[in-house]
Amino acid sequence: MKEPPTNPPADCTPDEATAWPLLNRDEKLAMIWDHLEKGAQLFGDVLNVPHIPLVAVENPIMHRYAKERIRGYFPPSQSLHPWHHATDEDGPDNERKRTCLWLRGLEKLTPTGTLDGTTARDSVHKAKPGKDRWKVRSKFFPGIANAMADQWGGEALALMAA
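Numbered according to numbering that gives the first Met the number 0, the sequence shown spans residues 0 to 161.
As structure tokens, then:
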């Protein structure tokens with residue numbers, strides 16, 4: 000990254016957000032890289048935790064700078080959209096938002112929806128800039144959550160009972 004974005008990182012503290020307009024280019028870039036390093040560290044720690052046999056990490060598509068920094072990085076096991084788990088054209092899951100899953104000890108999710116994606120909205124992708132954009136873009140969808148619970152919950156319960 001050669002130039003910092005106009006807005007501060009979505010995960011910055013209130014103090015960092017307040018300071019952002021006053022920072023020079025190099026200070027802004029340093030903050031961006033610091034957030035990337037910390038995020039990559041957390042992602043790698045969760046992905047590679049040795050004592051948990053069933054792991055599912057959800058994240059959007061990553062750019063190369065993040066991939067380069069994640070310890071033990073491997074490509075996502077699965078990529079899906081909420082509409083893969085949608086049954087109602089007007090429902091909350093009929094949305095395009097590519098979501099990646101990094102899985103260890105779990106099978107890929109089987110789509111549970113009845114729609115083909117042709118009517119899927121792209122409101123998440125086209126969310127307008129603003130103070131609540133991060134909320135819109137970080138939304139997790141009930142159809143995917145239900146599929147995770149239904150398809151993986153039994154495995155987790157059986158493992159805990161063993």
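Using N, Cα and C, we set each Cβ at its ideal position, and we do this for glycine too.
Note down, in chain order, each residue of its chain lying with its Cβ closer than 8 Å to the Cβ of residue i, except the 5 sequence neighbours on either side.
| i | result |
| --- | --- |
| Leu-158 | Pro-52 and Leu-53 |
| Pro-8 | Glu-15, Met-30, Ile-31 and His-34 |
According to the neighbour-count rule (16 or more other Cβ atoms, all chains shown, within 10 Å of its Cβ), is residue i buried or exposed?
| i | result |
| --- | --- |
| Pro-3 | buried |
| Pro-81 | buried |
| Leu-46 | buried |
| Ala-161 | exposed |
For residue i, which residues does DSSP report across the bridge?
| i | result |
| --- | --- |
| Leu-100 | Glu-57 and Gln-77 |
| Glu-2 | Answer is none; Glu-2 lacks a bridge partner. |
| Glu-94 | Arg-120 |
Might you give, ordered along the chain, the residues of its own chain that have their beta carbon closer than 6 Å to the beta carbon of residue i, omitting 5 neighbours on each side?
| i | result |
| --- | --- |
| Ala-39 | Ala-65, Arg-68 and Ile-69 |
Note down, in chain order, each residue of its chain lying with its Cβ closer than 7 Å to the Cβ of residue i, except the 5 sequence neighbours on either side.
| i | result |
| --- | --- |
| Glu-36 | Arg-68 |
| Ala-155 | Leu-53 |
| Pro-75 | Cys-99, Leu-100 and Trp-101 |
| Arg-136 | Val-123 and Ala-126 |
Report, in whole angstroms, the separation of the C-beta atoms of residue i and residue j, which I expect to be a contact under 8 Å.
| i | j | result |
| --- | --- | --- |
| Gly-142 | Ala-85 | 6 Å |
Contact between the segment 126-134 and the segment 102-112 (3+ Cβ pairs under 8 Å): no
Is the segment 59-76 close to the segment 18-26, with three or more CB pairs under 8 Å? no
Inspect the CB distances between the segment 115-122 and the segment 88-95 and report whether three or more fall short of 8 Å. yes
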